[in-house]
Amino acid sequence: MKKEEIPQDKSALEKLTKEVCYAVDEQGNYTTALSSGWEVKANALDVAWEDIEQRIANARQKVLNNEASPLLFFMEWRLMDIPIVAAYTGFWKWKVKKHMKPNVFKKINEKKMQRYADAFNVTIEELKTMNVEKVK
Amino acid sequence: MRLEFEHLQSAHCENGVTTNLLKRVGAHKLTEPLAFGIGSGLFFIYIPLLKINKGPAIAFRTQPGLIFKRTCKALDIPIIRRKFRTKQEAQKVLDECLQSGRPVGCQVGVYYLTYFPKEYRFHFNAHNIIVFGKEGDNYLISDPVMETPTSLSSYELERVRFARGALAPRGQLYYPAENRLVTDDQFRNGIKSGIKRNVRDMLYIPGSIAGVSGIRYIAKKIKKWRSRLGPHNAGLYLAQLVRMQEEIGTGGGGFRYMYAAFLQQAYEFHKIDQLHETSGLFTKAGDLWRTAAVQASGIYKGRLDSQQDYNKMADHLFEIAGIEKKAFTALSKIKWAK
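Just so you know, the sequences run in chain order A and U. By numbering that gives the first Met the number 0, the letter at position 26 of the first sequence is numbered 25, and the numbering carries on one by one without gaps. By numbering that gives the first Met the number 0, the letter at position 73 of the second sequence is numbered 72, and the numbering carries on one by one without gaps.
Structure follows, in structure tokens:
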């Protein structure tokens with residue numbers, strides 16, 4: 000890639016920083032330059048996020064249909080999977096899976112509930128109601 | 000307290016932390032590409048069945064941590080590395096290091112890293128930052144991928160140092176144990192062994208999923224993705240490939256440009272013409288990776304959706320495999336001066 004070909008497209012990267020790219024100058028020597036992003040990879044990130052949003056929406060619907068407990072929703076919302084939830088809470092994986100059932104979820108005591116709330120960084124109230132707007 | 004520390008932006012976090020930490024204890028000539036090359040950073044692997052963030056597990060560089068380890072070893076700089084059981088102890092040791100005037104490298108998880116925008120926060124636990132001071136409750140942070148230093152409150156830092164899941168950092172911190180001037184001869188030897196090791200990793204690694212044969216392997220698989228996964232999931236897989244290849248940290252072209260830059264800088268230490276010539280091949284490989292990414296984006300944006308388009312994608316990758324094989328074969332034939 001030549002230095003003047005480094006893309007300067009708009010992307011979510013802008014909120015963070017410009018990134019270092021390696022490219023060659025007129026003499027063919029390598030140098031670095033900053034890039035604000037590249038459309039091709041910004042699209043890739045968008046595609047990944049559309050999929051995540053879809054999974055979150057599906058999980059929410061499942062909870063509303065009483066097919067799963069809110070833990071499923073929060074797991075998707077926090078981009079986690081069962082092993083990650085288990086690692087953050089210290090519960091066994093099979094236990095986490097069990098807690099994903101609505102009936103079992105209702106019986107979880109306060110102390111265990113707090114472990115989930117901490118893992119997802121929400122309050123117990125939010126955990127039960129799924130009333131969360133934005134990522135903290 | 001703010002330690003004297005020069006923040007230098009780099010493409011990749013691990014290279015950046017390595018360079019910034021080692022530069023100040025004696026490896027004055029160290030640059031990001033040199034650290035990358037001496038640490039034999041270039042790689043390719045596609046692990047079938049394993050999933051990362053629900054997508055395929057693909058990497059364009061070697062395993063996290065290895066670049067730092069190998070570079071320190073090659074330049075003979077001893078490293079102190081610690082993990083912790085408790086958060087209190089982790090903070091105490093960090094504070095003591097800062098007190099004694101040492102900037103410290105920390106392994107952290109990205110997900111709760113507050114200065115990252117939401118779009119970039121995934122559960123990835125092998126990010127590296129340098130802590131170089133503390134003012135009140137705020138730690139001063141040099142994140143090598145960012146243009147300027149930033150800061151985290153002690154709670155925020157604790158949370159990312161104790162992120163959980165795969166590659167959990169467990170509060171890991173590391174720093175050079177002492178100052179040692181690194182000689183040009185050490186650089187020369189480091190470069191030589193770095194290149195040899197990279198040749199081995201890319202050409203002779205057993206199995207078909209890694210190195211140059213890994214690129215061929217994924218090319219063959221991509222041809223089947225459309226019928227096996229359906230267009231939607233195949234698109235997601237390709238998007239994941241492009242993100243691993245181009246996202247912040249790679250320097251563009253799946254680290255291939257960075258390696259090309261390394262070979263040019265290596266020429267300053269070893270006046271061997273093949274280094275310069277081979278650098279050109281890696282530039283070509285990087286360009287082709289980007290061409291392939293453009294093709295992939297056509298697919299995941301829904302503009303291209305026929306089997307021919309997947310075949311074309313695979314053909315790009317076969318061509319890349321050919322070029323990289325040629326490049327590493329050329330490197331393997333170099334006659335190193337004694």
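Here a beta-carbon is modelled for each residue, glycine too, at the ideal position from N, C-alpha and C.
Near the ligand ZN: residue i beta-carbon under 7 Å from a heavy atom
| i | result |
| --- | --- |
| A238/U | Although the ligand ZN was asked about, the structure shown includes no ligands whatsoever. |
C-alpha distance - residue i paired with residue j, whole-angstrom precision
| i | j | result |
| --- | --- | --- |
| D24/A | R163/U | 43 Å |
| G317/U | H275/U | For clarity, residue 317/U is Phe in the given sequence; the question names Gly instead. So the two alpha carbons sit approximately 24 Å from each other. |
| L280/U | L330/U | 11 Å |
| E4/A | K111/A | 54 Å |
| L12/A | P116/U | 8 Å |
| Y216/U | Q171/U | 35 Å |
| S207/U | F4/U | 44 Å |
| K358/U | V211/U | Residue 358/U falls outside the range modelled here, since chain U spans only 0 to 337, and no answer is possible. |
| G27/A | Y21/A | 12 Å |
| P55/U | A233/U | 10 Å |
| G38/U | V39/A | 29 Å |
| F83/U | F161/U | 9 Å |
| K135/A | Y110/U | Low confidence applies to K135/A: its pLDDT is 49, below 50, so where it sits in the model is not reliable, and the reading given next is rough at best. Their backbone Cα atoms lie some 11 Å apart in a straight line. |
| I76/U | A176/U | 8 Å |
| I79/U | A265/U | 28 Å |
| G104/U | T61/U | 19 Å |
| L72/U | G40/U | According to the sequence as given, residue 72/U is Lys; it is not Leu. Answer to the nearest angstrom: the Cα atoms are 14 Å apart. |
| E323/U | T277/U | 10 Å |
| L74/U | K270/U | 20 Å |
| D304/U | G108/U | 36 Å |
| G293/U | G253/U | Per the sequence shown, residue 293/U should be read as Val rather than Gly. Approximately 14 Å, taken between the alpha carbons. |
| W93/A | P102/U | 42 Å |
| E245/U | S34/A | 12 Å |
Neighbour list for residue i in chain U, Cβ cutoff strictly below 9 Å
| i | result |
| --- | --- |
| M74/A | Correct list: empty, because the minimum Cβ distance to chain U is about 11 Å. |
| M0/A | G251, G252, Y256, T282, G285, D286, R289 |
| A32/A | Residues of chain U passing the Cβ test: none, with the nearest at roughly 10 Å. |
| L78/A | N52, Y110, R120, F121, H122 |
Within 8 Å, strictly: CB atoms of residue i and residue j
| i | j | result |
| --- | --- | --- |
| W37/A | D8/A | yes |
| G36/U | I204/U | no |
| M243/U | P32/U | no |
| Y87/A | A259/U | no |
| M0/A | G321/U | no |
| L240/U | A167/U | no |
| E134/U | R1/U | yes |
| S10/A | A41/A | yes |
| V46/A | L235/U | yes |
| T113/U | T70/U | no |
| N197/U | G25/U | no |
| F42/U | D286/U | no |
| L202/U | F327/U | yes |
| A43/A | K2/A | no |
| N19/U | I128/U | no |
Amino acids of chain U, ordered along the chain, whose beta-carbon sits closer than 7 Å to that of residue i
| i | result |
| --- | --- |
| T16/A | V144, M145, E146 |
| N28/A | Q263 |
| V103/A | Under the 7 Å cutoff, chain U gives no residues; its nearest Cβ is about 23 Å from V103/A. |
| D50/A | L235 |
Under 9 Å by beta carbon: chain A residues contacting residue i
| i | result |
| --- | --- |
| H27/U | Correct list: empty, because the minimum Cβ distance to chain A is about 19 Å. |
| A259/U | Y21, V23, Y29 |
Under 7 Å by beta carbon: chain A residues contacting residue i
| i | result |
| --- | --- |
| P116/U | A11, K14, L15 |
| K300/U | N42 |
| M338/U | In the structure displayed, chain U extends from 0 to 337; residue 338/U sits before or after that span and is not available. |
| S9/U | V19 |
| G234/U | V46 |
| V293/U | V39 |
| A329/U | Chain A residues near A329/U: none, gap ~17 Å exceeds 7 Å. |
| I247/U | L12, E18 |
Beta-carbon neighbours of residue i, restricted to chain U and to distances below 8 Å
| i | result |
| --- | --- |
| I81/A | The contacting residues do not exist; I81/A stays about 11 Å from chain U at best. |
| A86/A | R163, G164, A167 |
| A22/A | G251, Y256 |
Proximal residues of chain A, C-beta to C-beta of residue i below 8 Å
| i | result |
| --- | --- |
| H269/U | Simply none; closest approach about 16 Å. |
| R242/U | K40, A43, L44, A47 |
Residue ranges of each beta strand (DSSP E) within the region 23 to 62 of chain A, 3 or longer: Correct list: 29 to 34.
At least three beta-carbon pairs within less than 8 Å, the region 218 to 226 of chain U to the region 294 to 309 of chain U: Contact holds: three or more Cβ-Cβ distances are below 8 Å.
Given 8 Å, three or more beta-carbon pairs between the region 69 to 86 of chain A and the region 120 to 130 of chain U: Yes, the region 69 to 86 of chain A touches the region 120 to 130 of chain U.
Contained alpha helix (DSSP H) runs [length at least 4] in the region 220 to 304 of chain U, N- to C-terminal order: Correct list: 255 to 266, 272 to 299.
Within the region 49 to 113 of chain U, ranges of the alpha helix (DSSP H) (whole runs, at least 4 residues): Correct list: 65 to 73, 86 to 98.
Length-filtered (3 minimum) beta strand (DSSP E) runs lying within the region 151 to 183 of chain U: Counting whole runs of 3 or more residues, the region 151 to 183 of chain U contains the beta strand (DSSP E) stretches 172 to 175.
Three CB pairs or more closer than 8 Å across the region 89 to 96 of chain U and the region 139 to 151 of chain U: Put simply, the region 89 to 96 of chain U does not touch the region 139 to 151 of chain U. Fewer than three CB pairs are less than 8 Å apart.
Segment contact flag, the region 106 to 122 of chain A with the region 10 to 20 of chain U, C-beta cutoff 8 Å, min 3 pairs: No, the region 106 to 122 of chain A does not touch the region 10 to 20 of chain U.
The region 144 to 159 of chain U contacting the region 178 to 192 of chain U, beta-carbon criterion three pairs below 8 Å: Short answer: they don't touch.
At least three beta-carbon pairs within less than 8 Å, the region 99 to 113 of chain A to the region 67 to 76 of chain A: Judged by pairs of C-beta atoms under 8 Å, the region 99 to 113 of chain A touches the region 67 to 76 of chain A, as three or more such pairs exist.
Whole alpha helix (DSSP H) elements within the region 0 to 59 of chain U, 4-residue minimum: Runs found: 12 to 22, 31 to 37.
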